[in-house]
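K.L.:
Once you've had a glance at the structure underneath, I'll fire off some questions.
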Amino acid sequence: MFISDPSITAQYSRATDRLVAASTLSFAVLLLPQILQNSLALSAGNTAALSILSWVGFTTALLGNTVLLSYFVSRGEAGGARIQALGALSNAAVLAQVFLAGHMPTVAAYTLAAIEAVGMSVTLAKVTGMLDGSRVGDNFGKGVWQSYLDALGVLGVTVLVQALSMTITGGTATQPGVLAGLGALTFLLLDKLGKLPQNLQGVWVLVPAWAATFLFGFQPVAQLVSNLRDPTSLAGIAVPSVVLAMVSNALMVPRALFTEDAVWFVGSAWGSLMGWAQLLSLCLGTSPSGARFLAPPIFAASTAVFFTYWALFLRADCKSKGQPGLFNTAAALLLGLANKRV
């Protein structure tokens, strides 16, 4: 039997807290390089440089930020909420630039703007206490917030399936998203009416957070597919933004694993690994002149540092909980997802 040392556990808890604080700073400047690069391209009239940026990917990321913001607000996690708010603002700024460059459909842009305006207004009302019982009545305030969370869950499932369909097929058919949305809405109504089988009752409470996690995680996948389809357009990708995304997510993984927050762990771990995959695509891609967008020695060094960091914190987490090996605590968290509610 392995027994954890309370002093080691406390020290590691403080260390993971500091890593999250550091990730907040890096998230604050995450997309600044990309936004600045886009601004320079737009001012020079080079709208084609922004064609590499997947509006579908950034849209799913923005919606993921919005839903995860509500998740962290509901849990009272101020640090996580700040990070998601910063992410939403950054992704919205990039999408505005992509729209101005003519690479995002007008209907999609205005629809997204309306959704975000409503979402941020409701979240702000929740954070500032405007939905508290003392102001609007306890039942009314809770009803508004729960209805908002339910709507986000349906929207998240709809957009996720639609984005997957558009990325995989390259088409614009809306049937997959509509069917997914109707399915999610039906599931929600059956859950509210208590008509679901016993083993499915209450499952809906998991849907918004997990839909947000998959939405957030889909953004780099859509971008990666775009990179692989047209490697010559990789010149539009800002390498510092990719590195910051990888580092920012990686800094949150230890805390998510330590606190056994499945949603947080899966989202941040996936985000960091997809950041590394983006660097790989930049290393493999070549410009018309034959030069690589990321030098192989730099990629190799980054890879070594990245996976060494993973090995160190995985071992540290196991040690803080009195477990042997590297993967015991991570495996336990992942294997327990089927029976654990976030």
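Residue numbers are given in the working numbering: position 174 of the sequence shown equals residue 224, and the series is strictly consecutive.
From the three backbone atoms N, C-alpha and C, an ideal C-beta is built for every residue, glycine too.
Everything numeric in this text was worked out from a predicted model, so none of it was measured.
Cβ atoms of G114 and A262: under 8 Å apart, would you say?
P.N.:
Against a cut-off of 8 Å, the Cβ pair of G114 and A262 comes out as a contact.
K.L.:
Please say whether L246 and L240 have beta carbons closer to each other than 8 Å?
P.N.:
Cβ distance < 8 Å, so L240 and L246 count as in contact.
K.L.:
Along the alpha helix (DSSP H) that carries N115, what are the first and last residues, could you check?
P.N.:
Run containing N115: 105 to 125, per the alpha helix (DSSP H) assignment.
K.L.:
I need the boundaries of the alpha helix (DSSP H) containing P56, first residue and last residue.
P.N.:
First-last of the alpha helix (DSSP H) with P56: 56 to 78.
K.L.:
In chain order, what are the residue ranges of uninterrupted alpha helix (DSSP H) at least 4 long that sit wholly in the region 180 to 220?
P.N.:
With a minimum length of 4 residues, the continuous alpha helix (DSSP H) runs that stay inside the region 180 to 220 are 183 to 186, 188 to 219.
K.L.:
Is the region 222 to 237 in contact with the region 72 to 85, if contact means three or more CB pairs nearer than 8 Å?
P.N.:
No, the region 222 to 237 does not touch the region 72 to 85.
K.L.:
Suppose the cutoff is 7 Å on Cβ atoms and the five residues either side in sequence are ignored; what does the same chain contact list for K390 look like?
P.N.:
Because K390 sits at a pLDDT of 49, beneath the cut-off of 50, its placement in the model cannot be relied upon, and the following sentence gives the value as read from the coordinates. Within the same chain, K390 has close Cβ partners A312.
K.L.:
What is the C-beta distance between L181 and G191, in whole angstroms, given that I count them as a contact (C-beta under 8 Å)?
P.N.:
With a Cβ gap of about 4 Å, L181 and G191 count as contacting.
K.L.:
Look at the Cβ atom of V106, then the Cβ atom of M216, and state whether they are nearer than 8 Å.
P.N.:
It is a contact, given that the beta carbons lie within the stated cut-off.
K.L.:
Expressed to the nearest angstrom, what Euclidean distance is found between the alpha-carbon atoms of A60 and T161?
P.N.:
Going by the C-alpha atoms only, they are around 47 Å apart.
K.L.:
Using a 10 Å radius around the Cβ and a threshold of 16 neighbouring Cβ atoms, would you call S140 buried or exposed?
P.N.:
Buried, by the Cβ-count rule.
K.L.:
Can you name the residues that DSSP bridges to R342?
P.N.:
DSSP output for R342 lists T336 as bridge partner(s).
K.L.:
Could you give the distance in angstroms between the alpha-carbon of S104 and the alpha-carbon of L119?
P.N.:
Distance between the alpha carbons of S104 and L119: 22 Å.
K.L.:
Count Cβ pairs between the region 66 to 83 and the region 93 to 103 that sit closer than 8 Å; are there 3 or more?
P.N.:
Touching, no.
K.L.:
Between the Cα of R305 and the Cα atoms of S57, I58, T66, which residue gives the shortest distance?
P.N.:
Here the closest residue by C-alpha is T66.
K.L.:
If I measure Cβ to Cβ from Q134 and keep anything under 7 Å in the same chain, skipping five residues before and after, which residues do I get?
P.N.:
So the qualifying residues of the chain are N115, L118, L119, F122.
K.L.:
Under 8 Å Cβ to Cβ from R342, same chain only, skipping five residues before and after it: list those, please.
P.N.:
Excluding positions up to five away in sequence, the list reads L332, C333, L334, G335, T336.
K.L.:
Whole angstroms are fine: how far does the CA of W360 sit from the CA of K371?
P.N.:
Near 17 Å, if we compare the C-alpha coordinates of W360 and K371.
K.L.:
Using the C-alpha atoms, what's the distance from A382 back to M51?
P.N.:
Bear in mind that the predicted position of M51 carries a pLDDT of just 43, short of 50, making it unreliable; the figure below should be weighed with that in mind. Spanning the two alpha carbons is a distance of roughly 16 Å.
K.L.:
What number of angstroms, rounded off, separates the C-alpha of G375 from the C-alpha of G193?
P.N.:
Between G375 and G193, the C-alpha separation is close to 46 Å.
K.L.:
In the structure shown, what three-state DSSP assignment does L376 receive?
P.N.:
DSSP places L376 in coil when its eight states are reduced to three.
K.L.:
From L256 to F315, what does the alpha carbon distance come to, in whole angstroms?
P.N.:
If I take the Cα positions, the gap works out to 15 Å.
K.L.:
What does a CB cutoff of less than 7 Å around L364 pick up in its chain, not counting 5 residues either side in sequence?
P.N.:
The residues are L376, F377, A380.
K.L.:
Taking DSSP as the reference, what is the three-state secondary structure of P281?
P.N.:
Looking at P281 - three-state DSSP - the assignment turns out to be helix.
K.L.:
Return the Cβ separation of A151 and T97 in integer angstroms, given the expectation that the two are a contact with Cβ distance under 8 Å.
P.N.:
So it is a contact: roughly 4 Å between Cβ atoms.
K.L.:
According to DSSP, is F242 part of a helix, a strand, or is it coil?
P.N.:
Looking at the sequence shown, residue 242 is not Phe but Lys. Reduced to three states, the DSSP call for K242 is helix.
K.L.:
Grouping DSSP H, G and I as helix and E and B as strand, with all else coil, what is N299?
P.N.:
Correct three-state label for N299: helix.
K.L.:
Note the first and the last residue of the continuous alpha helix (DSSP H) segment covering S101.
P.N.:
Element bounds for S101: n/a, residue is neither H nor E.
K.L.:
Is V355 near the ligand SAM, going by C-beta to nearest heavy atom under 7 Å?
P.N.:
Among the components modelled here there is no ligand, and therefore nothing to report on the ligand SAM.
K.L.:
For M302 versus V70, is the C-beta spacing smaller than 8 Å?
P.N.:
Contact: yes.
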